[in-house]
Structure formats: C-alpha cells, structure tokens
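Those protein sequence lines, which keep their order, are chains A and B.
Just so you know, this note's numbering puts 160 at position 160 of the first sequence, and the rest follows in order with no gaps.
Going from the second sequence to this note's numbering is simple: count from 1 and add 239.
For each residue, glycine too, the CB sits at the ideal point set by N, CA and C.
This structure is a prediction, so every number in the text was calculated from the model and none was measured.
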Amino acid sequence: MARESRIRVPGYRRDDDGSTLRHPDYGSTRLRVPERPLTIIPHTLTEVTGPAYGHGRVGPQDNDLTVGHQGEPLGERIIVTGRVMSGDGRPVRNTLVEIWQANAAGRYVHAGDRHPAPLDPNFTGAGRCMTDDEGRYRFVTIKPGAYPWRNHENAWRPAHIHFSLFGPAFATRLITQMYFPGDPLFSQDPIFQSVRDPKDQQRLISTFDLSVTEPEWALGYNFDIILRGRERTPMEDHA
Amino acid sequence: MSLPPTPSQTIGPFFAPALLGEDNSELVPPDHPGAIRIHGTVYDGAGEVVPDAMIEIWQASASGRYAHPEDDREYLPLDEGFEGFGRFGSDPDGTFSFVTVKPGSVPGPDGVSPQAPHVAVSVFARGLLKRLVTRIYFPDEAEANARDPILLCVEDPELRETLVARDEGDALRFDIHLQGDRQTAFFDV
C-alpha cells in the first residue's frame with residue numbers, strides 16, 4: 001500500500017502570460033479586484049487534474065455559428081481556426097473550446113446589452129468544439145462588430161471573440177479574447193491594454209490567413225492558443 | 240522550447256447564453272446518499288452583491304479520487320457518473336448554490352501526507368481580468384484543516400478562516416468577498 005498511496009505529479013509552469021488583475025483604467029476592476037496579495041500555493045493532485053468537460057456533449061454543428069436558424073446571419077462570414085498547444089509546443093488534444101461574440105452590428109443576445117443596434121434573428125453568437133489530435137479547432141461565424149460601452153467617454157470595444165478553454169488540468173483553465181489585426185480601437189481599449197507589453201498583446205490578435213480563406217465563401221483567420229506547459233522534470237517518487 | 244501562454248482576459252458580462260446553457264449545479268442528484276448543498280453570495284468591495292459572476296468547482300469523489308487519468312489510484316472507487324465538475328452563475332441577488340458530495344481526502348504536495356477535504360473554486364466576472372482561485376474547506380474537519388498544507392500557506396489566521404464553509408444545518412454557506420475587510424483568501428496557482 002505504501003507504493004500505491006504515493007502519487008506525486010509535476011506541476012504546471014508559472015510563466016507570465018502578460019495579464020494583470022489590477023488595471024484601474026478598466027472601471028469594473030475597482031471594486032472587484034482583491035486588495036490582499038494572492039497566496040502562492042504548490043500544485044497538488046487538485047491542480048494537476050481537471051474536468052473532462054464537454055466530452056460527449058458537443059454536436060457536429062456546434063462549431064458553425066451561421067447555421068441552426070431560419071436563415072443566414074448578416075455580416076462578413078469568417079473561419080476562425082488555430083491550434084491549442086501547451087507551453088512546450090505539444091498539441092492539447094480533445095479539449096473543449098467555447099466561444100461567444102456579438103453579432104455583425106455589435107450586439108449580444110443578452111438582456112444586459114443595451115446597445116441600440118439590431119439583434120439578428122439568425123445569430124445567437126455561441127459555439128463550441130473539441131480540439132483534434134493536432135490540437136486544432138475550427139469555427140465558422142461572422143465577424144463581430146465593435147460596440148460602445150460606458151467605461152469612459154466615447155469608449156468602444158474593438159471587435160473580439162471570447163474564448164474559454166479547459167486544457168488538461170485545473171491549472172490550465174483559460175478565458176481570453178481574440179482580436180482582429182489592425183483594429184483602430186486597440187489604443188483606447190482598457191481591456192486590451194490591460195496586457196501592457198506589445199509582445200504579449202500580439203498573442204491576443206488573430207492573423208488573416210489566405211490559406212484558411214475559402215474562395216467565394218469566407219475569410220480565414222488563424223488564432224493559436226498557448227496553455228501553460230508542464231514543469232520539465234517529473235518529480236516521481238520511486239522510493 | 241517554451242512558448243509564453245496566451246494572456247487571460249475578462250469573461251465580461253455577456254457569457255451566460257454560451258457558458259451556462261446547461262445546468263451543471265448538481266454534481267449528484269439531491270437525493271443521492273450523502274448529498275450536501277453548498278450556497279453563498281458573491282460581494283464586491285462596496286458590499287454590493289455581484290450578480291454576473293460565473294463559478295466553477297472541481298473536486299474529488301467521496302472516496303478521495305479525481306475523475307482524471309493522472310489520478311490512477313484505481314483502488315479508490317469513482318461513483319458512476321460523478322465527474323467532480325460544476326459550473327453555475329450568480330443570480331441577480333448575487334447568490335449561488337450547488338449540490339455535491341463531500342470529497343474524500345487527497346494527497347498533498349509531497350504526494351503522501353493528506354490534504355483536508357476541499358473543493359477547488361474558480362471565480363470569473365466582469366472586472367476580473369484573470370480568474371480568481373479559492374478553495375472551500377469543511378467545518379467538521381477542524382483537525383485536518385489545522386494540518387492542511389495549502390491552508391497553512393495562508394499566513395493570516397483570519398484570512399485563512401474565510402476558506403472554511405459555515406454549517407447552517409441543512410446546508411453549508413461559503414460567501415465570496417472579492418475585496419474589502421472580509422475579503423476571501425485567493426490563491427495564485
């Protein structure tokens with residue numbers, strides 16, 4: 001039993017992703033961000049395991065946001081694809097990718113969205129899929145519109161798609177936002193600018209990809225996502 | 240090779256239709272033997288309720304095993320259908336509630352010495368550019384809690400105490416204070 005009761009697993013790397021909790025320019029942070037420092041904890045079985053959420057639940061058309069309604073949504077049809085990889089470059093297979101976004105006019109299907117732009121009866125703006133053996137995901141959708149919000153005078157969010165990923169462990173959970181190249185709204189958006197280093201910002205911006213673009217059908221964008229990698233040396237206890 | 244991770248960004252206010260379409264607040268049916276209800280309210284630094292948070296939980300089975308390939312201790316039973324994962328939003332009054340079983344003890348950082356039973360918690364919300372991570376510990380485990388290697392990482396005893404749920408008889412209460420005098424202890428994992 002001594003052997004069986006030992007289960008020692010390598011943790012996940014603590015590489016800086018460039019994000020920060022404290023960013024007062026984004027008004028909603030002010031009353032919501034903890035003031036006391038976070039307590040750093042070692043990784044245990046709790047952190048290196050995680051849910052297999054989504055397995056067996058995802059339908060074959062869940063990655064196409066342009067179907068499932070009476071007609072087709074308005075807007076510029078796009079394909080968004082990329083690979084989910086761990087920090088050591090290995091594919092993250094069979095993990096759930098969930099996305100949500102505004103419609104082409106910049107309006108979400110949500111009671112809290114008061115932007116006076118039209119809803120599209122043919123667009124809900126939610127999709128999901130599982131990554132394949134190469135860690136690849138693929139969505140068909142329409143390009144979301146920019147929209148105003150009340151963070152500061154004349155504030156507008158750049159067009160973006162929200163991404164939610166689990167990866168293999170509790171420690172690898174990630175929610176982020178994907179942006180489009182060359183957006184003129186980056187400079188005044190405090191959420192985008194909460195990632196301060198331009199090198200880190202680049203990892204939030206998709207690239208236009210002609211090889212993903214389908215002729216006479218849809219423009220293609222590529223967006224790779226890197227989840228935290230594993231610590232290199234497994235600390236297996238062979239005692 | 241080491242690739243820097245993709246930066247975290249806020250979940251924002253509009254996630255519910257996409258992420259909360261399925262009810263994942265019952266990890267076991269309420270009539271399951273040993274089922275417990277854990278509920279609470281999310282508060283901001285002004286003491287106002289937070290009506291637009293998403294909470295995820297991750298826990299071991301009653302026997303103390305995670306439903307995950309890296310927990311290969313097959314001599315510990317996994318209940319059929321128990322995945323150990325829950326996901327739910329806070330309501331307009333800031334409250335949340337879920338049904339589960341009390342997890343068993345799992346090994347700590349050294350792979351041998353036990354951790355006190357606990358539920359790992361992620362909190363996402365508008366205004367949080369990264370998720371907040373905390374843990375729910377159990378009030379009937381005073382002895383195990385006093386020795387728990389993760390609880391002991393929280394040096395301030397008052398802050399540590401925020402991680403232990405309160406027994407309300409028919410349920411356990413675990414309020415989450417994002418900020419302020421009663422702030423919950425959060426972890427950097």
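Check: Taking all protein chains shown into account, decide if B:PRO246 is buried (16 or more other Cβ within 10 angstroms of its Cβ) or exposed.; Outcome: buried
Check: Going along the chain, which residues of the segment 379-395 of chain B sit with their C-beta nearer than 9 Å to a C-beta in chain A?; Outcome: PRO388, ILE389, CYS392, VAL393, GLU394, ASP395
Check: In its own chain, which residues sit with a C-beta less than 7 Å from the C-beta of A:ALA102, not counting the 5 before and 5 after it?; Outcome: TYR108, GLY125, PRO144, GLY145, TYR147
Check: Three-state secondary structure (DSSP) at B:ASN184?; Outcome: With chain B covering 240 to 428 only, the question about residue 184 of chain B has no answer from this structure.
Check: DSSP three-state call for B:LEU371: helix, strand or coil?; Outcome: strand
Check: Identify the residues that DSSP records as bridge partners of B:ASP427: which are they?; Outcome: A:ILE40
Check: Which whole runs of the beta strand (DSSP E) in the segment 43-91 of chain A are 3 residues long or more, in chain order?; Outcome: 77-86
Check: Would you identify the three-state DSSP class for A:ALA104, choosing helix, strand or coil?; Outcome: coil
Check: Hey, is the segment 127-134 of chain A in contact with the segment 195-212 of chain A, meaning 3+ C-beta pairs nearer than 8 Å?; Outcome: no
Check: Among A:ILE99, A:ILE142, A:GLU47, which residue has its Cα nearest to the Cα of A:ALA169?; Outcome: A:GLU47
Check: Is B:THR339 close to chain A? Criterion is C-beta to C-beta, closer than 8 Å.; Outcome: no
Check: Once DSSP output is grouped into helix, strand and coil, what is the label at B:ALA359?; Outcome: strand
Check: Find the nearest neighbour of A:LEU185 within the set A:PRO37, A:LEU174, A:HIS160, judged by alpha-carbon distance.; Outcome: A:HIS160
Check: Could you give the distance in angstroms between the alpha-carbon of B:GLN248 and the alpha-carbon of B:ILE294?; Outcome: 16 Å
Check: Got a sec: is the Cβ-Cβ distance from A:PRO34 to anything in chain B below 8 Å?; Outcome: yes
Check: What does A:TYR53 reach in chain B if we use C-beta pairs closer than 7 Å?; Outcome: PHE324
Check: Using CA atoms only, rank isn't needed, just tell me which of A:SER164, A:ARG114, A:GLY182 is closest to A:LEU174.; Outcome: A:SER164
Check: Leaving out the 5 sequence neighbours to the left and right, which residues in its chain are closer than 8 Å to A:VAL58 when beta-carbon positions are compared?; Outcome: LEU96, ARG128, CYS129, MET130
Check: Are B:TYR282 and B:LEU371 closer than 8 Å when you measure CB to CB?; Outcome: no
Check: What residues in the segment 397-428 of chain B have a beta carbon less than 7 Å from any beta carbon of chain A?; Outcome: LEU398, LEU417, GLN418, GLN422, ALA424, PHE425, PHE426, ASP427, VAL428
Check: Enumerate in chain order the residues of its own chain whose CB-to-CB distance from A:ASP237 is below 7 Å, with the five nearest sequence positions on each side excluded.; Outcome: With a pLDDT of 42 at A:ASP237, under the threshold of 50, the modelled position of that residue is not reliable, and the figure given next carries that caveat. Excluding sequence neighbours, A:ASP237 sits near ARG6, ARG8.
Check: With a cut-off of 8 Å, do at least 3 Cβ pairs link the segment 82-100 of chain A to the segment 250-262 of chain B?; Outcome: yes
Check: Answer with yes or no whether the minimum CB distance from B:PHE254 to chain A is below 8 Å.; Outcome: yes
Check: For B:THR406, which of helix, strand or coil comes out of DSSP?; Outcome: For clarity, residue 406 of chain B is Asp in the given sequence; the question names Thr instead. Here B:ASP406 sits in strand by DSSP.
Check: Taking DSSP's pairing of strands, which residues face A:GLY220 in a bridge?; Outcome: A:ILE79
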